[in-house]
Amino acid sequence: MIAAQAATDVGGQLLIVSVLVGAVRSGTSIFYAALGETISERAGVINVGTEGCMLAGAMSAYAVTAETGNPWFGVLGAAAVGGALALLHAYLVIARGANQLANGLVIMFLGLGLTSLFGASYVSREINGFKPYAIPGLSSIPAVGDILFNHDPLTYLSFALGPAVWFLLFRTRWGLLLRGAGERAPVLSSYGYSPERIRYIAVGLGGLLAGIGGAQLSTAVALTWFENMTQGRGFIAVALVIFASWHPLWAMGGAYLFGAALALGPELQVRNVGVNQFVLDALPYVMTLAVLVVLAKRSFQRAPEGLAEVFDAPPVS
Amino acid sequence: MSIATLEPSADRTKQSPSIIEVRGLTKRFGDLVATGDVDFDVRSGEVHSLLGENGAGKSTLMKLLYGVYQPDAGEILVDGVVHRLDSPADARALGIGMVFQDLRLIPAFTVAENIALSLPGGGFRYRRQAVERQILDAGAELGFSVDPKALVRHLSIGERQRVEILKVLMSGARLVILDEPTSVLAPQEVDGLFTAIRSLRAKGLAVVIITHKLHETRAIADRLSILRAGRMVGSGIDPTTVDDRALISAMVGREVPPLPVERSDPPADRPAALRVTGVHVRGDGGNTALHDIHLEVKAGEVMGVAGVAGSGQRELYEAVLGLRPLHTGDIHIAAVEMAKSDPGAALALGAVGIPEDPISDAVVPGLDVTEHLALSNLSSLRKGLGIDWARARELVAELDRQIGLRMVAHDRTVADLSGGNVQRVMLTRAFGVDCTLLVAAYPSRGLDVATTRRTQELLLAQREAGAGVLFISEDLDELMELSDQIAVLHNGHLAGVVTPGEVDRYAIGQLMLGGSE
Amino acid sequence: MTVIDSPPEEITVAPEAPTKGTNDLARRVGSWVVAYLGALAVFGAFMALKGVNPFVAYRDMFDSTLMNSASLSEVLIKAAPFLLAALAVAVPARGGLVNLGGEGQIVMGGIAAAGVALGLEGKVASGLVMVAMLVGAMVAGALWAALAGVLRVGAGINEAISTLLLNYIAIDVLLYLISGPWKDSAGFGQLASKPLADETRLPTFGSDGRIHLGVFIAMAAAVGIWLLLRSTSWGFQLRVAGGNGEAARRAGLPVAKLLLSGLITGGAMAGLAGAIHFAGVEGQLRPGMTFGFGYIGFLASWLAGHHPIRIAGAALLLGAIAVAGDSLQIDAGLPAASVNVLMAFVLFAVLGKKPRLAGASR
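Chains as they are written, first to last, in the numbering used here: chain A, 1 to 317; chain B, 1 to 517; chain C, 1 to 362.
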């Protein structure tokens, strides 16, 4: 019944347009997380716990929104909690010498545990989340208007954030320092800077953005909360950073590509194309693997040197 | 001539004030006295050469001056005032700059980005164009040509060195310390560096150059000081007042045993241990790293390989040992063609390598000395599914006696050893194998004089035993002493093959830089 | 022969052999106690925030986890797949590989076991079906891991990322099968496969008849892997390849084959985990049946420094925590997944305790 109604709703829209609308809609949360992870990895720290930061962000945003009625407070809460989890990762990795991948997984479990502990009471609560805001004029451009200019405010914010992070990384002294910390920390130390401090900031910022990504998912897209609702989006973001060659704008494209793959399944179903839902669900992951295969040689050459321990593939005969 | 006759110089810089002076400087690491009670001074407008063997304490002394280490005793005076240098930042603030041997640049950054990082202050934005202009201006003033937009990873070692010097000067240094700057340069590039150093001197700056090469000291230094085993055995000497023999015995403290003079001439009819025919090889970046190389090393012959750093030596080493695929051409070891590039195939044909960079290419973290040596002999140590470790230990003990390079205790983890001790393990492993072809890349790097001598003897012993030896080195003197012939690489091309007795070092240098003989 | 008069050169900066004091042990035990108490304290604080008395909750958790034989067998049953999943991490780790794909390899093992059962049940002796299930699962897990291995040695794709992605694909394969071709027509709208016949379930032992054969298989596997890594030439070569791949290549070792064989052996262990959980506990495929096993195994392996025997201990600890989570849900009314908070802080305490040493990171 629901499907039939949706079919009439989309009747006038081309498949490609609906998929692109869905791409931006479901790609935005991944984009936030990937952008954050780009900053973190550029400084030489990989945070597989991005999944946990997103989850914590999604739950905090939902809870705060439910309690205050204002989703913007939710976003603030999500940013704070996501950032705090990431700082814990940074502390253990930088100050305590924990293995980055293992510790990231623990962060993921911590996010899962905390959100199930504190989120249980919000599972059936309803909230007054973000609403799409059609930008006057621009949103009436055929196709493009729907794809780009009829979204929630967090999506618009992300449009600005991509170029902003690019500017920060490549056109500011601070960006030089951050990338330097990820390439050769001893060089920075020799100039009297503290690469550790730079890494703390970068990892914290990364978690903060992942948290906002989670907020976008729970308070703007799904408008609901359930246990483990991010379902691997954080892991996807980590993979995305690699195939985006640690470039913020490529990460944006990658996230939307991924969003498109996520959106394709429901759109096909709506159009009564008989494909098993789970086959379509696997598509984004297969696609990511395929892209990694195609870009393998190039992207691994560009990995920040500081990540070498995690990414260096010894040559194989 | 004895050390006592090394008198402080009375040269023209006598009147200039000391920019830096140290008194009684002592630094210990555990029981080891790296520098003991050292007195030393540098004046503005002079080039001061600091001589000494590897491990004599030269780098430690310079790191004390640069604030990397803090002394256990003694004091440092800058412009006549006692200062505590708690960090390099303190040293830089006083106008002391250092160019390290392992250049402190980020390869993934451009020249401008690297220099922008090093400049103090500068606000929030990275003003690319402004920094690029500053670099061009500073370069022009010193006669350096540097492209600020170039990625450092694309620059040659010599170019990187110039960037490093520029970087130090642009952050306001009045005293520039250069740590073995010539070890990676061709003779003509050294001339370029010295021209630059002279122009620094002309501007009234002070330069300290760390080296162990006497002819360079003579070419550039106004005064020299000599460290041996952490002690200053001669300070502030006028180079014109001492001869080389006195300097060498001051550095070494004993006579260096001479190499055996009589060597059998390689008979012309010996078979080729290595034949390289029309080989092209791609570098890491996909560029052509070796162009159409034809080379033959006979059994019982030492073929030296000379070239500016990065001229294709590494690629030649790897191609010959089956570590790097050939683009075209073929390689025969002991008259058998290596069917495909496979290190196992090269080993099976009797080719053994001494790697350029053992830490990254040969040392396995967590494995001890015995395990490292067993690695080259696994098939004969097999016992069922396992390995006969008891026999491995016996064999290694026997080998250590035979080779005589005095490795550390055989149960020590190699990854924890110093560079010199790692190299002893690598050399013992390589010389312990009966081979038809020995490919040695910089075998004496990081070794003291006596061990270097022993290594050279072992190389020649392999030659006497009938192996072909391909001997890659950056030290022209060593090459000319040991090689029957020297192949000179320039930019991936074989620029020529010369016989040491027939040409001088400048002729080889000319080939290294792409000139004709 | 010339005698060299110089002594072996000593390092100039740091003493070469880190000295180990004898009172180190006391300090280490002490720091472990502090670490575990700290983890309990943090989780207790969180529970208190949710209005649950942590002392009561901990007593309930302890009582219902370790104080009766039924729950002790439950701990063993939970720990068995964790142990195998951890071995799936430990073997490739010797080769310097990061296998984050235990989750997917377990799922593929479960799928293979179910497929074998669907095909053979009733046609051959049940003992044979069981053996075929276990072998089939090992092959499936190994193949799933080999996929990542081939991507690594063939295209240089980092195996941590590819195994992670393959997890999601494996789960989608499972969901596809139980929602389509293998859907149990007798199920009540629940996605699941046809249940195993009683006689093809793994035999059980013990007073309460709950401990199944898989527990013993897991223990035997730990000992077997330990011997394989410790005493064989293969184990040594794998260690060399993992310590420094370039050094291994230059010594003529078949690095690609070694890495692949390490991943395949690991994958087989994970596949086995899927099979014993399917044939020993679940009896049918259902969504989320092995949720988190692979990741918990990953952490167990890290907890134990990738040492097969110590891994058994780590798996028991994490098994106990998981059982405690169930009691948390029953006694304190908190979601079972909350216990992940406790697990996380235990792991932080252990992961964050190792001093950073060169070469010690793997």
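C-beta: ideal position from N, C-alpha, C; glycine also.
Owing to the predicted nature of the structure, the values given are computational and were not obtained by experimental measurement.
Check whether residue i and residue j have beta carbons under 7 angstroms apart
i              : j              : result
G214 (chain C) : G283 (chain C) : no
G211 (chain A) : A78 (chain A)  : yes
G109 (chain C) : G274 (chain C) : yes
H332 (chain B) : R275 (chain B) : yes
Y133 (chain A) : A66 (chain A)  : no
S261 (chain C) : R382 (chain B) : no
R486 (chain B) : M426 (chain B) : Looking at the sequence itself, residue 486 (chain B) is Ile, so the reference to Arg does not match. Result no, Cβ atoms of I486 (chain B) and M426 (chain B) do not sit closer than 7 angstroms.
A345 (chain B) : E315 (chain B) : no
V42 (chain B)  : I19 (chain B)  : yes
Residue range of the beta strand (DSSP E) that includes residue i
i              : result
T35 (chain B)  : L32 to R43
T224 (chain A) : Element bounds for T224 (chain A): n/a, residue is neither H nor E.
M303 (chain B) : V302 to A306
M98 (chain B)  : I96 to V99
H215 (chain B) : Careful: H215 (chain B) lies outside any beta strand (DSSP E), inside the alpha helix (DSSP H) at L214 to I220.
H277 (chain C) : No beta strand (DSSP E) holds H277 (chain C); the alpha helix (DSSP H) holding it covers V255 to H277.
T277 (chain B) : A272 to R282
L142 (chain B) : Segment R128 to L142 is the alpha helix (DSSP H) holding L142 (chain B); no beta strand (DSSP E) there.
T290 (chain C) : Taken as a continuous stretch (DSSP letters only), T290 (chain C) belongs to no beta strand (DSSP E), as it is neither H nor E.
D292 (chain B) : T288 to K298
S118 (chain B) : Not the beta strand (DSSP E): S118 (chain B) falls in the alpha helix (DSSP H), residues V111 to S118.
S49 (chain B)  : V47 to L51
Residue i classed as buried or exposed, judged by whether at least 16 other C-beta atoms fall within 10 angstroms
i              : result
T13 (chain B)  : Annotation note: pLDDT 47 at T13 (chain B) (below 50); position unreliable, no value reported.
V144 (chain A) : exposed
N70 (chain A)  : exposed
C53 (chain A)  : buried
M67 (chain C)  : exposed
H490 (chain B) : buried
N53 (chain C)  : exposed
V13 (chain C)  : Note that V13 (chain C) has pLDDT 38, beneath the 50 cutoff, so the model's placement of it is unreliable and no number is given.
L37 (chain C)  : exposed
L118 (chain C) : exposed
D86 (chain B)  : exposed
L49 (chain C)  : exposed
S193 (chain C) : buried
P181 (chain C) : exposed
Host alpha helix (DSSP H) of residue i (start-end)
i              : result
M170 (chain B) : I157 to M170
I77 (chain C)  : S69 to R94
G313 (chain C) : P308 to S327
A34 (chain A)  : L15 to R42
A89 (chain B)  : P88 to A93
T163 (chain C) : E159 to S179
F29 (chain B)  : Element bounds for F29 (chain B): not the alpha helix (DSSP H) but the beta strand (DSSP E), S18 to F29.
| Which parts of the segment 461 to 509 of chain B are runs of the alpha helix (DSSP H), unbroken and 4 residues or longer, counting only runs that do not cross its ends? | 476 to 482
| message | My parser needs the beta strand (DSSP E) runs of 3 or more residues fully inside the segment 406 to 435 of chain B; what are they? | response | none
| Contact the segment 64 to 71 of chain B vs the segment 195 to 202 of chain B: 3+ CB pairs below 8 angstroms | no
| When the Cβ atoms of the segment 58 to 75 of chain A are set against those of the segment 17 to 26 of chain A, are three or more pairs found closer than 8 angstroms? | no
| task | Assess, as a yes-or-no matter, whether the segment 326 to 339 of chain B is touched by the segment 252 to 260 of chain C under the definition of 3 or more beta carbon pairs within less than 8 angstroms. | result | no
| Inside the segment 332 to 414 of chain B only - alpha helix (DSSP H) runs reaching at least 4 residues | 343 to 348, 358 to 361, 369 to 374, 378 to 381 and 389 to 403
| message | What ranges does the alpha helix (DSSP H) occupy inside the segment 113 to 148 of chain A, keeping only unbroken runs of at least 4 residues that lie completely in it? | response | 144 to 148
| said: Please give the ranges of any alpha helix (DSSP H) in the segment 146 to 219 of chain A, keeping only runs that are unbroken, at least 4 residues long and fully inside the region. | reply: 153 to 171, 173 to 183, 185 to 190 and 195 to 216
| query | Three or more C-beta pairs closer than 8 angstroms, one from the segment 214 to 230 of chain A and one from the segment 88 to 97 of chain A: is that the case here? | reply | no
| query | Do three or more CB pairs link the segment 236 to 252 of chain A to the segment 160 to 179 of chain A at distances below 8 angstroms? | reply | yes
| Continuous beta strand (DSSP E) assignments of at least 3 residues falling wholly in the segment 178 to 250 of chain C | none
| request: Go through the segment 131 to 160 of chain C residue by residue and report every complete run of the alpha helix (DSSP H) that reaches 4 residues or more, in order. | output: none
| message | Can you confirm whether the segment 311 to 324 of chain C touches the segment 67 to 86 of chain C when touching is taken to mean that 3 or more C-beta pairs between the two stretches lie within less than 8 angstroms? | response | yes
| said: Measuring CB atoms only, is the segment 45 to 59 of chain C touching the segment 323 to 338 of chain C, in the sense that at least three cross pairs come out at less than 8 angstroms? | reply: yes
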